[in-house]
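Counting from 1 along the sequence shown, just add 58 to a position and that's the residue number in our numbering. C-beta atoms are modelled at their ideal positions from N, C-alpha and C, and glycine is treated no differently. Keep in mind it's a predicted model, so treat the numbers as computed, not measured.
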Amino acid sequence: MSEVGVRDCSAIATLHSASFRRGWSEQEVEGLLLDRHVITHRATTGGKLAGFIMSRLVEDEAEILSVAVAGRQRGRGLARRLLHLHLRRLAGLGARAVFLEVDEHNDPAIRLYHRAGFREVSRRPSYYSGDGGKTADALVFRRDLL
Ligand SMILES: CC(C)(COP(=O)(O)OP(=O)(O)OC[C@H]1O[C@@H](n2cnc3c(N)ncnc32)[C@H](O)[C@@H]1OP(=O)(O)O)[C@@H](O)C(=O)NCCC(=O)NCCS
Numbered sequence: 059m060s061e062v063g064v065r066d067c068s069a070i071a072t073l074h075s076a077s078f079r080r081g082w083s084e085q086e087v088e089g090l091l092l093d094r095h096v097i098t099h100r101a102t103t104g105g106k107l108a109g110f111i112m113s114r115l116v117e118d119e120a121e122i123l124s125v126a127v128a129g130r131q132r133g134r135g136l137a138r139r140l141l142h143l144h145l146r147r148l149a150g151l152g153a154r155a156v157f158l159e160v161d162e163h164n165d166p167a168i169r170l171y172h173r174a175g176f177r178e179v180s181r182r183p184s185y186y187s188g189d190g191g192k193t194a195d196a197l198v199f200r201r202d203l204l
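Shown next, in the form of structure tokens:
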């Protein structure tokens, strides 16, 4: 696991688009990777991107912007290890609190965050839109870093 460079933007855009309803373009990923407030870690297997996690850190508050693991690599603890490394790095950079939003139906992500000590602090009703006009709430999670 390591920090990400701009050379990874194409692989991150591909993995992000495969993992989320609204994918990021390569240009959007490049813009984020060049942002000095954005911290990104990746995991590779066999030289290929297997997962990444990205946050924005402003002063002492961080927001996790995205975390994704490639379909075939899921369920093996990769996201847990990436998140653990990422939180240690954020703490080292001065973060005191970390926030994120997650779809209320995203069980793997909710388990991941609960296990890492995040707690729900609020809910944004009908924040995500799905097929056929369906909506889902966003849960806002927070974890304090000491
Ligand atoms: C969420 C995601 C990053 C988890 O990655 P992962 O490497 O499979 O996660 P881990 O193997 O570290 O497992 C994390 C927890 O999720 C659980 N989990 C994994 N797959 C699951 C599934 N299909 N259903 C329910 N729980 C699941 C694991 O059991 C683990 O919980 P545990 O420690 O209590 O057993 C991955 O599913 C993903 O990329 N999803 C699409 C993108 C996404 O939704 N990102 C989060 C946005 S907030």
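Just list the residues that DSSP pairs Asp202 with in beta bridges. Translated into positions along the sequence shown, residue 202 becomes position 144. As computed with DSSP, Asp202 is found in a beta bridge with Ala155.
Between which two residues does the beta strand (DSSP E) containing Gly109 stretch? Indexing the sequence shown from 1 puts residue 109 at position 51. 106 to 116 is the span of the beta strand (DSSP E), which, as asked, contains Gly109.
Quick one, which of Leu203, His142, Arg94 has its alpha-carbon nearest Ser60's? Taking the first residue of the sequence shown as position 1, residue 60 is located at position 2. Of the listed residues, the one whose Cα sits closest to Ser60 is His142.
Between the region 67 to 75 and the region 103 to 119, can you find at least three pairs of beta-carbon atoms closer than 8 Å? yes
Minimum C-alpha distance to Leu170 - residue among Ile111, Arg181, His95, Arg130: In the sequence shown, the residue the question calls residue 170 occupies position 112. Out of Ile111, Arg181, His95, Arg130, Ile111 has the C-alpha closest to the C-alpha of Leu170.
Have a look at Ile168, Tyr185, Ser184 and flag the residue whose alpha-carbon is nearest the alpha-carbon of Arg177. The residue given as residue 177 occupies position 119 in the sequence shown. Out of Ile168, Tyr185, Ser184, Ile168 has the C-alpha closest to the C-alpha of Arg177.
Reference Gly188; option with closest CA among His163, Arg94, Arg201: Taking the sequence shown and counting its residues from 1, one reaches residue 188 at position 130. Comparing Cα positions, the closest option is His163.
Quick one: is His144 buried, meaning 16 or more other Cβ sit within 10 Å of its Cβ, or exposed? On the sequence shown, residue 144 is found 86 positions in, with the first residue counted as 1. Buried.
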